[in-house]
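Undergrad: I am attaching a structure below and will ask some questions about it afterwards.
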Amino acid sequence: MMRSIVLLSALAVTGCHHHEREGCQDRSSHSDHRDSRPHGDREDREDCEDRDGRRDGSREEGDASADGGEAVVPGSDATVAAIDAGVSAGCRLDRDCALAGAGLVCDLRSGSCVTPSQCSADSGCASGERCLAGRCLGGAAVCQFASDCGAGRDCVDGRCLSACGALTACPSTQACVGGYCDQPSQPGSQCSRAADCAAGSACAEGRCVAGCDATRACGTAEVCVLGFCRVDTAPRTFCVRDSDCATGSVCHRGSCRAACPGGTAAECLRVDVAFDTCGSDRLCTNPLELRPECARSADCASPALCINARCR
994 MMRSIVLLSA LAVTGCHHHE REGCQDRSSH SDHRDSRPHG DREDREDCED
1044 RDGRRDGSRE EGDASADGGE AVVPGSDATV AAIDAGVSAG CRLDRDCALA
1094 GAGLVCDLRS GSCVTPSQCS ADSGCASGER CLAGRCLGGA AVCQFASDCG
1144 AGRDCVDGRC LSACGALTAC PSTQACVGGY CDQPSQPGSQ CSRAADCAAG
1194 SACAEGRCVA GCDATRACGT AEVCVLGFCR VDTAPRTFCV RDSDCATGSV
1244 CHRGSCRAAC PGGTAAECLR VDVAFDTCGS DRLCTNPLEL RPECARSADC
1294 ASPALCINAR CR
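Positions 994 to 1305 (our numbering) are the ones given, in order, by the sequence shown.
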């Protein structure tokens, strides 16, 4: 399948710091996803400080402009002006892709012009990428287990999302789609241009969305992408070092894991019955992690979704 025609030469997400860390939310309302949550996490932590400088989902700034000149920070007025003038290779709206090729649309999560359906299988993507929801995504941008997403989120078709329902509302800029907070799935009718929206907002896909830059931060569970606030679906770690975990557990690939030095399941069962298998690396795991049912919703029978490596 045709892959992205125009890519951003520098995609950075800046100026959007979470004021309320989603990673600190109580997971008690998601106990039905216990089969893939990490164990051994320190329960008595009262703070969620940014231990490694970027655990709140923020990104580092790029240092190259589209034309090789002075650096332009995505989300800044300079970047927006460059895109609107046709100088930058990025996009903010579908109309920005008109000159890039017929039928292209703007992928608002990456800020690049793509075909509506970029891929149908992993074979249509570059090495190291996976095809998820018609888009080629790199391994660092996708998840498979809840343990990839940090506290309070599930892995839904390769994207980390927060659950929602009658008792759990989504942020005002998001919609509850299939039980999870996400970008609204259908174009709106609120606006056709920025002038139709309140000051500081922009018109995207018929909806007034919050604008953002170095001085205007996004809300909880959102990141700033090319001047728009978007749902943060990136994987997030539970831990960065062993000291972040309970005594007897270690930080393994961002998740706290109990050790089983003797290689027996009994050692694991004494810590958490949901992780009843001692893996070859002498760390406790569960059968689902060793033999996942799915990696994407396409692996499941319709209309089931792949949630935390299980078809549901």
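Using N, Cα and C, we set each Cβ at its ideal position, and we do this for glycine too.
Taking all protein chains shown into account, do 16 or more other C-beta atoms lie within 10 angstroms of the C-beta of residue 1089, making it buried, or fewer, making it exposed?
TA: Its Cβ being crowded by 16 or more others within 10 Å, residue 1089 is buried.
Undergrad: Whole angstroms are fine: how far does the CA of residue 1174 sit from the CA of residue 1143?
TA: If you take the alpha carbons of residue 1143 and residue 1174, they lie about 16 Å apart.
Undergrad: Spatial neighbours of residue 1260 within its chain, please: CB distance less than 6 Å, with the 5 preceding and 5 following residues excluded, ordered by chain position.
TA: The residues are 1253.
Undergrad: Within the continuous beta strand (DSSP E) that includes residue 1197, where are the two ends?
TA: Counting along the chain, the beta strand (DSSP E) containing residue 1197 begins and ends at 1194 to 1197.
Undergrad: Return the CA-CA distance between residue 1104 and residue 1217, expressed in angstroms with no decimal places.
TA: Using only the alpha carbons, I get a separation of about 11 Å.
Undergrad: Might you give, ordered along the chain, the residues of its own chain that have their beta carbon closer than 7 Å to the beta carbon of residue 1154, omitting 5 neighbours on each side?
TA: Once the five neighbours on either side are set aside, the close Cβ partners of residue 1154 are 1146, 1147, 1173, 1174, 1175, 1226.
Undergrad: Whole angstroms are fine: how far does the CA of residue 1257 sit from the CA of residue 1213?
TA: Looking at the two C-alpha atoms, the distance is approximately 42 Å.
Undergrad: Can you tell which of 1210, 1293, 1287 has the C-alpha that lies nearest to the C-alpha of residue 1137?
TA: Ranking 1210, 1293, 1287 by Cα distance to residue 1137 puts 1287 first.
Undergrad: For residue 1277, which residues in the same chain have their Cβ closer than 8 Å to its Cβ, ignoring the five residues on either side in sequence?
TA: Hits under 8 Å: 1032, 1250, 1251, 1252, 1253, 1260, 1261, 1264, 1265, 1268, 1269, 1270, 1271.
Undergrad: Would you list, in sequence order, the uninterrupted alpha helix (DSSP H) runs of no fewer than 4 residues that lie entirely inside the stretch 1122 to 1173?
TA: None, since the stretch 1122 to 1173 contains no complete alpha helix (DSSP H) of that length.
Undergrad: Does the Cβ of residue 1192 have 16 or more other Cβ atoms within 10 Å, making it buried, or fewer, making it exposed?
TA: Exposed, since its Cβ has fewer than 16 Cβ neighbours within 10 Å.
Undergrad: Spell out the partners DSSP gives residue 1175 in its beta bridges.
TA: Per DSSP, 1168.
Undergrad: I'd like to check one pair, residue 1151 with residue 1170: are the Cβ atoms closer than 7 Å?
TA: The answer is no: Cβ separation not under 7 Å.
Undergrad: Which residues mark the beginning and the end of the alpha helix (DSSP H) in which residue 1282 is found?
TA: 1280 to 1283 is the span of the alpha helix (DSSP H), which, as asked, contains residue 1282.
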